[in-house]
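Engineer:
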Amino acid sequence: MAFSLAISSNCFSSTNIRRQDFVLPRSRLLLNSWLSSLSSRSFSFPTGSTVHKPRILAGGSLRCSLPSRPDYVPNRISDPNYVRIFDTTLRDGEQSPGATMTSNEKLVVARHLSRLGVDIIEAGFPASSPDDLDAVRSIAIEVGNHPIGDDGHIPVICGLARCNKRDIDAAWEAVRHAKKPRVHTFIATSEIHMKHKLRKTREEVVSIARDMVAYAKSLGCRDIEFSPEDAGRSDREFLYHLLAEVIKAGATTLNIPDTVGYTLPSEFGQLISDIKANTPGIENVIISTHCQNDLGLATANTLAGAYAGARQLEVTVNGIGERAGNASLEEVVIAMKCRQELLGGLCTGINTKHIVMASKMVAEYTGLHLQPHKAIVGANAFAHESGIHQDGMLKHKGTYEIISPEDIGLARANESGIVLGKLRWLNMPHVGSPSLLEFWESRCGFGQGYRCTPSNLILEDQKAVTKLKAVMANSEDIIFPKRLTLDLHSGRHALRCRLLEFGYDIDGKELDDVFKRFKEVAEKKKRISDEDLEALISDEIFQPPVIWSLEELQATCGTLGLSTATVKLIASDGEERIACSIGTGPVDAAYKAIDSIVEVCCVAPTVPAVLKEYALNAVTEGIDAIATTRVVISGDDSHTSTHALTGQAMHRTFSGSGAAMDVVVSSVRAYISALNKMLGFVSAMKASKETPKNISSSVE
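UniProt numbering numbers the first residue of the sequence shown as 1 and each following residue consecutively.
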């Protein structure tokens, strides 16, 4: 029997209670007296703390329950151990080259960030373009006023602005519709930035920062965040003085950015401590961190900042962002969860079971797919191939897993487990001929299964046989749970159950569309793998609003003549268009045919798209593998937005993805997806009767 103690973590800040009072005694004899002493002691707790009586639970462990999310006050947190999570995926994350998202995609991501439990969503840089302003405004109206998660939480909606009135006006106009709006303004403070980029003196920079914070407050904004850009390389005394001035002007949160990822964790932690100790008025604001990953230290620096006293952490899903990226939301949150005691009891309001879905969504919408070994959410994050590791995992999962895949929204049977060699197909006479890899990975799953021993396994790879026998020599017979095999005869319910294991809770038309694609593939493949399903569902639910859709495609190619392609597209109003073209290959011919349709009779007039990137990958091995394609296209020079930090005009690109068993069909689906994004952007611009213009990078 084990024991569980539920107690709010903020109680440890009390002057008459020590963390060691809650260390579980090793001796069972001492345990009763320990529990009695806790029950009899009189503790005083900070206002807002909640303490539950110790209770004994079978099969549990000593735990401290997370406190409820404190009521939001811009410059104060009632629970001293609660850390706000500020997500900037939609702003800094979108600055990754080729990571442009449509307004609708941003809204979908923002909804999921709210469900995830993010405290503040930096929805964009409204002054960069009318499209971005509209996107931030729509997020403020929908996500900033209506709870999406189960706890009734409504996030703060934030807009970024440089220290000039035009930017601040645009940011406030975009976010003011939210229940809890915030304006985030910044100016560079390091010598190299002030001298070469701003060409301003220290006195001028202080004056601009103070005046612009005061200006934001004069508009009616009561939640103002200020960032001294490149704080990690700024003079300390100057930094203390500037921060004190913006506090007096009305700033409620001070964000300390390591803009170029230059500092080490010890340096950054000391910087936060020094700011706390030397900045007048610092007790009246929240300190935040924003760490870039140029030296691979963004997560470490962020945790060091939190330990030193920062109570807001700025992160992005999958760590995407400028150059090498930002601190990763999933890494920071899970690290705090795993090492909560070492970090002084710090906690967040993040519902970690939604992490995997957030990661997949951002990867699909931005086109920035994860490396397999990415911490927490990479494909290999819970895979075990070493024989020693496999032996340990079979005996106890805790030997090589510090977190459970279920905690982040993974179904262990599908995406985690023991990897038995680089095998393709393995024969198990008593269960047909599924992949042993799947059975082995589902070893830690659920349900009544098949009993397998080395004697009734027939493997094509002798090395795998040796490996399996070595692992099983010291283990009892392994129970492989039954798994639902999806094929042509599977119905909607079976498909939906499998998708739920992946974290996709879909129904209605979305499920019908995925089921239709599933049946099309099942007619050509004997068995549908999990990777196939992932590709199909991504190709269906992570797509922009339809302007053009593919109805039919016929392509011919070879060594005896020019490649040709005939394409039939259906417009959003139901009109069908057919075009034929020649090209250097079937994909080139198909793209030219599509361009001819779009140029002649497109819904929103535009210029021909320019193909910037093209990538094709096989989802699985074998001749019947599904192919996934990703393309990046761009339009003319009017498709620009302004870079938040440099003020330079960025050429807007649009990515698209497609999946099919035919590589040409997959390529065409991806191209149409990207075109729909570009056409939707142009249509939105024309509807607002505005053309994106470059905005001056000067500060006022």
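No residue lacks a Cβ here, since even glycine has one placed at the ideal position from N, Cα and C.
It should be emphasised that the depicted structure is a prediction, and the values quoted were computed from it without experimental measurement.
1) Using the Cβ count rule (16 or more neighbours within 10 Å means buried), how would you classify Pro126?
2) Which residue marks the beginning of the beta strand (DSSP E) containing Gly656, and which one marks its end?
3) Does DSSP put Ser138 in a helix, in a strand, or in coil?
4) To which residues of the same chain is Ala244 closer than 7 Å at the C-beta, ignoring the five residues directly before and after it?
5) Excluding sequence positions up to five away, which residues of its chain have a Cβ less than 6 Å from the Cβ of Glu330?
6) Buried or exposed for Cys497, please, with buried defined as at least 16 other CB atoms from any protein chain shown within 10 angstroms of its CB.
7) Counting along the chain, where does the beta strand (DSSP E) carrying Leu611 start and finish?
8) For residue 729, which three-state DSSP category applies?
9) Residues in its own chain within less than 8 Å of Pro70 by CB, not counting five upstream and five downstream?
10) According to DSSP, simplified to helix, strand and coil, what is Asp258?
11) Buried or exposed: which applies to Val682, given that a residue is buried once 16 or more other Cβ atoms fall within 10 Å of its Cβ?
12) Look at the Cβ atom of Ile208, then the Cβ atom of Ile187, and state whether they are nearer than 8 Å.
13) Who are the Cβ neighbours of Ala670 in its own chain at under 7 Å, not counting the five residues just before and after it?
14) Check whether the Cβ atoms of Lys525 and Thr102 lie closer than 8 Å to each other.
15) Would a C-beta distance cut-off of 8 Å place Ala494 and Leu500 closer than the cut-off?
16) Is the region 147 to 156 touching the region 176 to 185, taking contact as three or more C-beta pairs under 8 Å?
17) On a CA-only basis, which of Leu116, Ser634, Asp588 and Ile286 is nearest Thr653? Give me that one, please.
18) Taking the beta carbon of Glu105 as the centre, do at least 16 other beta carbons fall within 10 Å, making it buried, or is it exposed?
19) Look at the alpha carbon of Cys347 and the alpha carbon of Asp87, and state the distance between them as a whole number of angstroms.
20) Helix, strand or coil: how does DSSP classify Phe86 here?
21) Over the uninterrupted alpha helix (DSSP H) stretch that includes Ile208, give me the two end residues.
22) Note the first and the last residue of the continuous alpha helix (DSSP H) segment covering Leu239.
23) Restricting to Cα atoms, I'd like to know which of Ser581, Thr89, Arg236 and His290 is closest to Val108.
24) Within its chain, find whatever has a CB closer than 6 Å to the CB of Ala381; leave out the 5 residues flanking it on each side and keep chain order.
25) Quick one: using the 10 Å Cβ neighbour count with 16 as the cut-off for buried, is Val610 buried or exposed?
26) Is the region 618 to 628 in contact with the region 587 to 601, if contact means three or more CB pairs nearer than 8 Å?
27) Using only CA atoms, which one of Asn164, Ser114, Lys509 and Thr185 lies nearest to Asp150?
28) If you count every other CB in all the chains shown that lies within 10 Å of the CB of Gly305, and 16 or more means buried, which is it?
29) Considering just the uninterrupted stretch of the beta strand (DSSP E) at Lys195, what are its terminal residues?
30) For Asn145, which residues of its own chain have a beta-carbon under 6 Å away from its beta-carbon, when the five flanking residues on both sides are left out?
31) Does the Cβ-Cβ distance between Leu297 and Gly261 come in under 8 Å?
32) Expressed to the nearest angstrom, what Euclidean distance is found between the alpha-carbon atoms of His396 and Ile403?
33) Which whole runs of the beta strand (DSSP E) in the region 65 to 132 are 3 residues long or more, in chain order?
34) The beta strand (DSSP E) spanning Ile286 covers which residue range?
35) Helix, strand or coil for Phe268, going by three-state DSSP, please let me know.
Structural biologist: In short:
1) buried
2) Thr653 to Ala660
3) helix
4) Thr279, Pro280 and Gly281
5) Ile355, Ile376 and Val377
6) exposed
7) Val610 to Ala618
8) This structure cannot speak to residue 729, because the chain is shown only from 1 to 700.
9) Gly48, Ile77, Ser78, Asp79 and Tyr82
10) strand
11) buried
12) yes
13) Thr629, Arg630, Val631, Gly656, Ser657 and Gly658
14) no
15) no
16) yes
17) Ser634
18) buried
19) 16 Å
20) strand
21) Arg202 to Ser218
22) Arg236 to Ala249
23) Thr89
24) none
25) exposed
26) no
27) Ser114
28) buried
29) That residue, Lys195, is in no beta strand (DSSP E); it is neither H nor E in DSSP.
30) Lys179
31) yes
32) 13 Å
33) 84 to 87 and 120 to 124
34) Ile286 to Cys291
35) helix
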